[in-house]
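Peer 1: Residue numbers (this note's numbering): 9 to 203. The beta-carbon is built from N, C-alpha and C at its ideal position, and this holds for glycine as well.
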Amino acid sequence: MIHTDLLRKWGAIRLTAEKGRVIFTEGEEAHFYYQIESGEVRMVNTGMNGKEFIQGIFVAGESFGEPPLFTGMGYPAAAVADSDSVILRLPKPTFIQLLKENPEIHYAFTTLLAMRLRQKSILSREMTCSEPAVLIRGVLKRYTVPELLQGKLRVTLTRQQIADMTGLRVETVIRTIRGMYKKGDLLVNKGKVYV
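If you want it as structure tokens, here you go:
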């Protein structure tokens with residue numbers, strides 16, 4: 009989102025997070041802007057029963073956990089490294105000053121937050137549907153990479169991650185994806201899903 013050279017110029021430090029490391033916890037006060045240089049981070053809520061609900065998965069070049077920097081409230085979810093990751097961290101006051109002095113970055117950042125809010129709104133609407141295929145289709149559209157197979161994009165999520173994002177059981181996800189494949193709604197090749 010923000011060029012790494014600019015973040016370093018403003019004093020960002022590099023954090024190395026091994027797979028499984030908690031970067032911040034749900035409810036914790038926000039003191040830093042985080043941007044992934046390499047690796048993958050998921051934002052997750054854990055229910056009373058210990059079941060995880062993934063709010064989002066973020067990869068190199070993306071930032072995460074920003075809204076509390078503006079609201080002064082705690083993080084709505086925990087952030088956990090899904091792979092060994094390098095993360096740039098910039099103190100909140102410095103980040104706010106960077107935005108004030110760089111209106112083009114501020115605008116791009118505002119646009120990013122608006123897009124994420126729109127995606128959450130669409131996902132919330134889809135979550136009210138009891139049809140697993142609708143839930144899964146909505147999640148699959150958001151997590152693809154440009155690796156084409158017959159004109160379709162490859163989905164980057166595991167079946168477990170899809171289940172954790174939709175509140176469905178893994179078995180339901182597998183069964184539904186199989187049904188979607190049979191209907192021609194998606195492709196499956198060597199265990200990879202394409203939409």
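Thinking C-alpha only, which one of Glu-37, Gly-58, Ala-68 and Met-56 is nearest Arg-50?
Peer 2: Out of Glu-37, Gly-58, Ala-68 and Met-56, Ala-68 has the C-alpha closest to the C-alpha of Arg-50.
Peer 1: Using a Cβ distance threshold of 8 Å, determine whether the stretch 175-186 contacts the stretch 130-140, with at least three qualifying pairs required.
Peer 2: With the cut-off at 8 Å, the stretch 175-186 and the stretch 130-140 touch.
Peer 1: Can you look up Arg-22 in the DSSP assignment and give me helix, strand or coil?
Peer 2: Arg-22: strand per DSSP, three-state reduction.
Peer 1: Would you call the stretch 71-91 and the stretch 18-38 in contact, with 3 or more CB pairs under 8 Å?
Peer 2: A contact exists between the stretch 71-91 and the stretch 18-38.
Peer 1: State the start and end residues of the unbroken beta strand (DSSP E) segment that holds Gln-63.
Peer 2: Counting along the chain, the beta strand (DSSP E) containing Gln-63 begins and ends at 60-67.
Peer 1: May I have the straight-line CA-CA distance separating Gly-82 from Gly-192, to the nearest angstrom?
Peer 2: Cα-Cα distance, rounded: 43 Å.
Peer 1: Beta carbon of Tyr-42, beta carbon of Arg-97: below 7 Å?
Peer 2: Yes, these two residues count as a Cβ contact at 7 Å.
Peer 1: Spatial neighbours of Phe-103 within its chain, please: CB distance less than 6 Å, with the 5 preceding and 5 following residues excluded, ordered by chain position.
Peer 2: Result list for Phe-103: Tyr-41, in chain order.
Peer 1: Are the beta-carbon atoms belonging to Gly-47 and Asp-92 less than 7 Å from one another?
Peer 2: For Gly-47 and Asp-92, yes; Cβs fall inside 7 Å.
Peer 1: Please identify the residue among Val-196, Gln-168, Arg-150 and Leu-23 whose C-alpha is closest to the C-alpha of Gln-158.
Peer 2: Of Val-196, Gln-168, Arg-150 and Leu-23, the residue nearest in Cα terms is Val-196.
Peer 1: In terms of alpha-carbon separation, which member of Pro-76, Leu-165 and Thr-166 lies closest to His-39?
Peer 2: That would be Pro-76, whose Cα lies nearest to the Cα of His-39.
Peer 1: Sorted by chain position, which residues of the same chain lie with C-beta nearer than 6 Å to Thr-118's C-beta, five sequence neighbours on each side aside?
Peer 2: Closer than 6 Å at the Cβ level, and outside the excluded window around Thr-118, lies no residue.
Peer 1: Run through DSSP, which three-state label would Gln-127 get?
Peer 2: It is helical.
Peer 1: Specify the secondary structure class of Thr-136 as computed by DSSP and reduced to three states.
Peer 2: Thr-136: coil per DSSP, three-state reduction.
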